[in-house]
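Colleague: The structure under discussion is supplied below as structure tokens; questions concerning it will follow.
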Amino acid sequence: MNFIINQGWAFYWGTSEWLASEILVACQIADRLGLICPICDQPEYNILERSKVENGFLPLYKKYGLGLTTHSPLQFGLLTGKYANGIPEDARLNADYHFGLFAASFNKKVQQVEQLRPIAKELGCTLPQLALAWAMTNPNVSTLLLGASSIKQLEENLKALNIVPKLKPDVKARIESVAPLELRVAVPDTFALTRNQFV
């Protein structure tokens, strides 16, 4: 990575979905060899999936200044509330891979999302706006990646910026009571082996 940065082809380098232990080893090796450490990771982060960002990476923020470019702030659409009445046929979550990620906890997550609906209503926003604003309040999140299927949807999602100041500690505590941090054992990315072989 140093060669690429020294050539001016990139300013920094980062990782995507690495375990905290993998980033730590990369930083330790970089320190030992006088190389440039990764400055960010791209983990999933949202109200329903927080373990890696809020627990696993804790030692990396201060020691190495790790920043985050997070993805899936709406957890594949779950935090939009569109699954309250089941999974629509044309939904992304209908893909076998995506549903496999949530099958065991799907109903619980749908119930949690429905409990967030009154909070969003009180704040005068949509569920997606609440979820996006919540993710933006984490000081370790540098960038939030989101997708949109239309300009209108993008404009609606960007209104989450107006909700961030409304997420006072009492509101965040209510969100926490609905969807508390669930610590999970970090597991390697299931596609890492394939990527390492072919990329």
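Sequential numbering from -11 applies to the sequence shown in the numbering used here.
Using N, Cα and C, we set each Cβ at its ideal position, and we do this for glycine too.
Source: prediction; values computed, not measured.
1. With distances taken Cα to Cα, identify the nearest neighbour of Leu148 among Phe(-1), Ala108, Val173 and Leu171.
2. For Asp19, list the residues DSSP reports as bridge partners.
3. Any chance you could list the beta strand (DSSP E) runs of at least 3 consecutive residues sitting entirely within the stretch 88 to 143, in chain order?
4. Of the residues Ile35, Phe45 and Gly(-4), which one's Cα is nearest the Cα of Gln63?
5. In angstroms, rounded to a whole number, what distance separates the CA positions of Leu132 and Val173?
6. Expressed to the nearest angstrom, what Euclidean distance is found between the alpha-carbon atoms of Gly44 and Ala161?
7. Taking all protein chains shown into account, do 16 or more other C-beta atoms lie within 10 angstroms of the C-beta of Ala167, making it buried, or fewer, making it exposed?
8. Tell me, please, which residues DSSP counts as bridged to Asn34.
9. When the distance is taken between beta carbons, is Ala123 closer than 8 angstroms to Tyr33?
10. To the nearest angstrom, report how far apart Glu143 and Asn(-6) are at their CA atoms.
11. Count the other CB atoms, across all protein chains shown, that sit within 10 Å of the CB of Arg183; report buried if there are 16 or more and exposed otherwise.
12. Based on the DSSP output, what are the partners of Asp29 in its beta bridges?
13. Tell me the residue span of the alpha helix (DSSP H) that contains Ala210.
14. Compute the beta-carbon to beta-carbon distance between Cys15 and Leu56, rounded to the nearest angstrom, for a pair I have assumed lies under 8 angstroms.
15. Can you tell which of Ser138, Leu169 and Asn126 has its C-alpha closest to the C-alpha of Lys156?
16. Should Val101 and Gly69 be called a contact, given that it needs their Cβ atoms to be closer than 8 angstroms?
17. Could you say which of Val159, Pro116, Ala8 and Gly(-4) lies nearest to Leu46 if we only look at CA atoms?
18. Look at the alpha carbon of Val98 and the alpha carbon of Ile24, and state the distance between them as a whole number of angstroms.
19. Look at Leu12 and Leu48 and say whether their C-beta atoms are less than 8 angstroms apart.
Modeller: This is what the structure gives:
1. Before going on, a small fix: residue 148 reads as Ala here, not Leu. When only C-alpha atoms are compared, the closest one is Ala108.
2. DSSP lists no partner for Asp19.
3. 129 to 132
4. Ile35
5. 24 angstroms
6. 21 angstroms
7. buried
8. Glu37
9. yes
10. 38 angstroms
11. Per-residue confidence for Arg183 stands at a pLDDT of 49, beneath the threshold of 50, marking its modelled position as unreliable; no derived number is given.
12. Thr3 and Leu56
13. The structure shown does not extend to residue 210, since the chain is modelled only from -11 to 187, so the question has no answer here.
14. Not a contact, Cβ separation roughly 15 angstroms.
15. Asn126
16. yes
17. Ala8
18. 42 angstroms
19. yes
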